Each structure stands twice: as structure tokens, then as C-alpha cells.
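Colleague: Here the sequence shown stands for residues 177 to 646, numbered as in this note's numbering. Note that CB positions come from ideal geometry on N, CA and C, so glycine has one too. Just so it is clear, the structure is predicted and the values come from calculations on it, not from any experiment. Shown below is the structure under consideration.
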Amino acid sequence: MTTYHNDTPRSSRMTAPPRRRGLLVPPIIASTAVGLCLFLALQGYYLGFLFASLFTMLLLGIPIAIALAGSCLIYVYLTGRVPDVVVAHRMINGVDSFPLLAIPFFILAGNLMNNGGITTRIFDFAKALMGWMRGGLGHVNVGASIVFSGMSGAAVADAGGLGTIEIKAMRDAGYDKEFAVGITAASSTIGPIIPPSLPMVIYGVMASTSVGQLFAAGLIPGLLMGAVLMIMITLLARRRGYPRDAAFSMRFLGVAAKRAFLSLLTPVIIVGGIITGAFTPTEAAIAAVIYALLLGTVVYRTLTWRRLLKVSMETIETTAIILFIVAGASIFAWILTSNQVTQHVVALMGPFSDSKFAVLIFANLVLLVVGCFMETIAAITILVPVLLPLAVAVGVDPVHFGVIMVLNLMIGLLTPPVGMVLYVLSRVSNISFEQCMRGTLPFLVPLVIALLLVTFVPAISMWLPTLVYR
């Protein structure tokens, strides 16, 4: 009689079924979500179907712009209450706004700076200025992000542009990868808070609020974020024994400042021009593009025709994606408004809807949760018509609420499952998404502290716009 032996270790045989069962989890979740959508549609709960279909499409990996437009079109078809021409009209109106013209120019300016050698000079200057501190390159990381935020206005641009330089420098100096990626991710969220800011342009359009005032309101909160992150870096550096990277040298600082002087003028021109009223945000974006072109082609001579073509194509692609999201989200927001969702939320909150503290806590919780699952531009376009009337009703200034909203959604960029900044840095640093997430966790604490201070101390965001504009 022949005996057959199984050479597979017992432990492997025992652990194999859980791995196979794990492969079934995504299809089961997706099937359940699709089933829920069908149930809601058949029962006539069309508004519930709208939300369920949106998140089902996102769960299935469908791009956010298509998911927004698709869920809205299915809703319109099922209800039969909205003519097709109204849908097209709302999409066109959603992107037919002069302030939105600033978006492609700010994106182009950021891409030109990333490809024109400007980011390297900024990093070298920040290193000369702050590298002598304990955990010095961590502080340099934050300082460079603060300067670069005055040029690009996008967290992903900061992470993709400065991230490559910063993470490599920190790894070469002996910092562990998780710490390097964590502080790079956290500091990149300063970009959309300090002007110029792409999310604030979108918020200004949706809330019919001055973009210039929003830019002014973001300056001090952005610096506050940098300060609390640097405090956390100092604490972690002492606990983990990170060294001082180099002794302070006035000569080295002078050389770095001279080399970076023209680059450092960029945020001065943009932010100073907007706050003083010399530029509108759109004009400031155009000025930034012209200045970055001059630096890259005439002064530094790092921008070749091939690079310019690459930069132009990247700008066109990113702009198209953003405007497609805005167009789709405009229909979604209009459906929510026409169904009086804000009034339903007020009724749900009951007596707490009259409490400023309760409304702000509620808004923060909603934004933090939504920020984990939805892209920033889409979240702003959808939630402004719902949350802003609640906030204004209890005396919150729309400008102040804009800073709160953008700061919440920036924290969302650091949290799974979406975590766009984490995905970018995972690719840049060649480490897993899970490692990026672990490295970022300690820095969520100071960012949440900054969020609470900005939320409940309005003067932090309102002092400068009040001084300049009122």
C-alpha cells in the first residue's frame, strides 16, 4: 500500500485558509454595497441611494469625478424630476467662475518650481537655517514646506516635489524611513493652508466668499501648524536620540541665502501681493508662473523644452481632473440643497443646532470622517452647501469656517483608506503604505491640536483678514 506524505508544514496548512478567506472580503463588501443600492432604489429612498451609490463606486475603485457624476445621473434618471438640460447647466455653472481660473496657473507654477531647481535651493536654505537643531532635518523639512507652501498651494505638489529631496537627505543622515516619511507627509499639509491654496479657491467659489480674505486667514494657522510639528519633532528627537545635523554657520547660511534669494522672493511676491491687494488671486497665480518661468529658463537655466512640455502636460491633466470633480460635485451639491439636507441635519441635531460649540464639534467630526474617504476638492464642493449654513446660523464667520474645513480635510489626506499624500510618499520613498501610515501617526496629534485651536480661537484665523480687509 502506497503512503502519500504531505510535505507542507502544519503551520502553513493551518494559516492558509484565513489568507484565502481574506481574499473574499473585498468582493463581499462590494456585493453588499451594490445590494444596498438596489434595495434603496426599489424602496424609493432615492437620497439614500445617491450616497450609497457614490460610496459603492468609490469602493469599486471608480475615479471620484466619474463616481460623482454617475451617481447623480442615476439619481436623476430614477426620480425623473429633473430635466437633462438642468444637469448639463449645473455642471457648466459649477466651473464657470473667474476665481477658478487661478487653479491651472497655481498648478503650473508649482510644477515649474518642482522641475526648475527651485525646491532644491529652498531646502538647502532651510538646512542652513535650522539644521543645527536636534532632529535638525525634521525641522528643515517643516521650514522648507512652509516656504514652498507660499508657491504651490497643494499638499500633493509639496509631497511629490520636496518629498524626494527631504526623504533622501534624512535617510542619508541616519534617520529611519518611517520618521522621514511621517514628517514629510505631515508638513505637506501646510501647503493648502498658507496662501496660495487651491482648496480655498474652491471653497471661496462654493461659499461666495472672498478668496483674498481666505488666503489671509490661512497664514497664521499655517505657521501654527509648523510650530506644533516642530515641537513634536523636538520631543521625538530627544526620545530617539537623533543628532544635531551640523553646527550653525553664518557663512554657510549666507551662501545658501544668496543662492536661494530669488527663489525665496516667490512667496513674498505671491502672498504679499494678494494680502496687500496688489494682485487678485488669479493675477498672483499668473505672476507666479511668469516668475517661475524666468527663474527656470533665464536665471537657473534648468528648464529645457522637453521639461516644459512635460510640465505643461502634467498641468493640463491635473487641471482637467480637478474641474471634472468640481463639475460632478456641483450636481451632487445642488441635489443635496434641493432636498433640504441642511434642514434635515438641523432637525437631527435638535436643540444642539443652536449651540456654536456643538455645531463646530459636529462639523469637525463630519469633515474628519469624510476626509478619510473622499478627495479634498469633492468634499468641499459637496459639504459647503450642507455645513456652512449651519455654521453661519450660530455666528461662525464663513472665512473662519473655510480655514476649519480645509484644515480638517488636510488631516484626511494623511489617513487611510484614501490618504493621497501617503500613496505619493510611498511611491517616492519605496516603502509600504502601512509603514508610511505608522510614521505619520505621531504627527497627527499636533495637527489635531492645531485644528482645535483654530476652531475655538477664531482670532488665530480672523485677525489678519480683519486687519487687512475690514
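Just grab the DSSP bridge partners of R310 for me.
Modeller: R420
Colleague: Nearest by alpha-carbon distance to A285: which of T442, Q519, L590, L543 is it?
Modeller: T442
Colleague: Can you find the residues in the same chain that come closer than 7 Å, C-beta to C-beta, to P457, ignoring five residues on each side of it along the sequence?
Modeller: Taken in chain order, the residues that qualify are P275, A278, P372, V377, V387, G388, F391, I450.
Colleague: Would you check if the distance between the CB atom of A539 and the CB atom of L512 is smaller than 8 Å?
Modeller: no
Colleague: For N317 and A503, I'd like the C-alpha separation in whole angstroms.
Modeller: 35 Å
Colleague: Helix, strand or coil for M382? Go by DSSP, reduced to three states.
Modeller: helix
Colleague: Just curious, the alpha helix (DSSP H) that F282 is in, first and last residue?
Modeller: Counting along the chain, the alpha helix (DSSP H) containing F282 begins and ends at 278-291.
Colleague: By Cβ distance, which residues of its chain are closer than 8 Å to F299, with the 5 residues on each side in sequence left out?
Modeller: V316, A320, L338, I341, E342, A345
Colleague: How is the alpha helix (DSSP H) around L544 delimited, first residue to last?
Modeller: 532-549
Colleague: So, is H576 buried or exposed, given that buried needs 16 or more other C-beta atoms within 10 angstroms?
Modeller: buried
Colleague: Would you give the residue range spanned by the alpha helix (DSSP H) that Y599 belongs to?
Modeller: 596-605
Colleague: So which of L226, A393, Y251, T495 has the shortest CA-CA distance to A635?
Modeller: A393
Colleague: Measuring CB atoms only, is the segment 573-593 touching the segment 541-553, in the sense that at least three cross pairs come out at less than 8 Å?
Modeller: yes
Colleague: For a quick check, are the C-beta atoms of S506 and R266 less than 8 Å apart?
Modeller: Contact: yes.
Colleague: So which of A468, V381, Y222 has the shortest CA-CA distance to L499?
Modeller: Taking only the C-alpha atoms, the option nearest L499 is V381.
Colleague: Compute the Euclidean distance between the alpha carbons of R347 and G314, then round it to the nearest angstrom.
Modeller: 11 Å
Colleague: What are the start and end residues of each continuous beta strand (DSSP E) run of 3 or more residues lying completely inside the segment 241-269, in chain order?
Modeller: none
Colleague: Looking at G398: is its Cβ nearer than 8 Å to the Cβ of I370?
Modeller: Cβ distance < 8 Å, so G398 and I370 count as in contact.
Colleague: Going by CA-CA distance only, name the one from P622, V644, V604 that's closest to A356.
Modeller: V604
Colleague: State the Cα-Cα distance for the pair F281 and R427, rounded to the nearest angstrom.
Modeller: 37 Å
Colleague: Can you confirm whether M382, when its beta carbon is compared against all beta carbons of chain C, has any partner nearer than 8 Å?
Modeller: The structure shown contains no chain C; it holds only a single protein chain.
Colleague: What residue from R310, P592, P593, A523 has the CA that sits closest to R415's CA?
Modeller: R310
Colleague: So, for W639: in the same chain, excluding its five sequence neighbours on each side, which residues have a beta-carbon less than 8 Å away from its beta-carbon?
Modeller: I396
Colleague: By the 10 Å Cβ neighbour count, where 16 or more other Cβ atoms means buried, how is P419 classified, buried or exposed?
Modeller: exposed
Colleague: Would you call V474 buried or exposed, if buried means 16 or more other Cβ atoms sit within 10 Å of its Cβ?
Modeller: exposed
Colleague: Please report the distance separating the alpha-carbon of V487 from that of A460.
Modeller: 19 Å
Colleague: Assign A567 to one of two classes, buried (16 or more other C-beta atoms within 10 Å of its C-beta) or exposed (fewer than that).
Modeller: Under this definition A567 is a buried residue.
Colleague: Secondary structure at D352, three-state DSSP: helix, strand or coil?
Modeller: coil
Colleague: Taking the Cβ atom as the reference point for each residue, do F619 and M408 lie within a distance shorter than 8 Å?
Modeller: yes
Colleague: Between L471 and A304, which are expected to be in contact by the criterion C-beta below 8 Å, what is the C-beta distance as a whole number of angstroms?
Modeller: Between A304 and L471 the Cβ distance is about 20 Å, and since that is not below 8 Å, they are no contact.
Colleague: Is it buried or exposed for G547, if we count other Cβ within 10 angstroms and need 16 for buried?
Modeller: buried
Colleague: Taking the alpha helix (DSSP H) that N584 falls in, what are its first and last residues?
Modeller: 574-588
Colleague: Under three-state DSSP, which class holds R477?
Modeller: Correct three-state label for R477: coil.
Colleague: Kindly indicate the opening and closing residues of the alpha helix (DSSP H) around V562.
Modeller: 552-569
Colleague: Reducing DSSP to helix, strand and coil, say where F455 ends up.
Modeller: Assigned with DSSP and collapsed to three states, F455 falls in coil, not helix or strand.
Colleague: Among residues of its own chain, excluding the 5 on either side of A626, which ones have a beta-carbon nearer than 8 Å to its beta-carbon?
Modeller: P397, L400, M401, V404, L583
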